[in-house]
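Chemist: Residue numbers (this note's numbering): 905 to 1224.
Where is the CB? At the ideal position from N, CA and C, for every residue including glycine.
Please see the structure below; I have some questions.
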Ligand SMILES: C[S@@+](CC[C@H](N)C(=O)[O-])C[C@H]1O[C@@H](n2cnc3c(N)ncnc32)[C@H](O)[C@@H]1O
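Encoded structure:
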């Protein structure tokens, strides 16, 4: 069956041969700070013209929730991908979905059944039990499939306050319980759709500095690093972790180094120029194309701070 995928916006209307009539489109499994779902129609106007034809390899070094990759896969624009993130929980989760989706679905079924049958206070107790078990099982470097652990991560993400992933200095997940009346913990159709999408991908726990060996001619690389804080509040530090200005500069160095190859690079970040007149990124990426786009900040514990903000999109190619 040939279907037209119009969600890509005006810039890219693609056609795709769908694998089966029932198979739904893959979408992010986790709610993730900095997730790009809301921005997809805008980003679509900025993908390289050759994407889907000459350019069919995709690399995403700060994978997170993966909204852009799933969009490109659904539209049939890529057939090879390298997806990297430094967070071992994410890598284990995606490798589990790729290789053992049925085991993951079975684990999630157990968690969902138990949780939804409980009253409010028992749900809270159960949430903290799962959270403690998740924290006891932490290791800084696992990447192979672990269905029970991956299920705990999805469960915590769906039932915690505001869908956050946040750990303290001891790497303990510390987000409180969320109290949604009927949270969707298991979306098995999406787990299988994501599993199919991930078959074209290598999923690797890695620092962004290690991507060079994966880059070949005509690769499209999308960087969505932890954003540079606009204000130096302690609250923002929790989201951006240890990704400071030295890392932003190192990333710009990588961007410039790879620019010498025949690759297309696109990068998102905050826009300190619009917010405070700070030219940090305009100077760091001078000579490249810098677009300012409007985004809605989705994950912020303080609802008064969930407004429209400007972000930058840097590209090493010209169009639009
Ligand atoms: C802004 S999020 C990416 C959001 C993602 N594009 C989405 O749509 O959900 C940034 C990601 O970078 C990862 N990260 C942080 N520091 C990193 C590093 N030094 N190398 C690779 N990944 C890193 C974090 O684990 C996080 O998943």
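#1: Whose C-beta lies closer than 8 Å to the C-beta of residue 1108 among residues of the same chain, with five residues either side of it excluded?
#2: Could you name the residues of the same chain whose beta carbon sits closer than 7 Å to that of residue 936, not counting the 5 residues immediately before and after it, in chain order?
#3: Taking its Cβ as the centre, do 16 or more other Cβ atoms sit within 10 Å of residue 928, making it buried, or is it exposed?
#4: For residue 977, count neighbouring C-beta atoms within 10 Å of its own C-beta (all shown protein chains included) and say buried if the count is 16 or more, exposed if not.
#5: Count the other C-beta atoms from every protein chain shown that fall within 10 angstroms of the C-beta of residue 1032, then say buried if there are 16 or more, exposed otherwise.
#6: Nearest-angstrom Cα distance between residue 1134 and residue 1101?
#7: Looking at the strands, I want to know which residues DSSP matches up with residue 989.
#8: Quick check on residue 1104: does DSSP put it in helix, strand or coil?
#9: Assuming residue 1189 contacts residue 1218 under a Cβ cut-off of 8 Å, what Cβ separation, rounded to an integer in Å, is found between them?
#10: Any heavy atom of ligand 1 closer than 7 Å to the Cβ of residue 940?
#11: When every heavy atom of ligand 1 is checked, does at least one fall within less than 7 Å of the C-beta of residue 990?
#12: Cα separation between residue 1061 and residue 934?
#13: On the three-state DSSP scale, how would you describe residue 1169?
#14: Please find out if some non-hydrogen atom of ligand 1 comes closer than 7 Å to the beta-carbon of residue 1129.
#15: Please classify residue 1088: does DSSP put it in a helix, a strand, or coil?
#16: Between 1015, 1006, 944 and 1000, which has its C-alpha nearest residue 1093's C-alpha?
#17: Under 8 Å between the Cβ atoms of residue 955 and residue 1118?
#18: I'd like the span of the beta strand (DSSP E) that includes residue 1124, first residue to last.
Modeler: To lay it out plainly:
#1: 986, 987, 988, 995 and 1047
#2: 968, 969 and 1069
#3: exposed
#4: buried
#5: exposed
#6: 35 Å
#7: 1109
#8: coil
#9: 5 Å
#10: yes
#11: yes
#12: 7 Å
#13: strand
#14: yes
#15: coil
#16: 1006
#17: no
#18: 1123-1127
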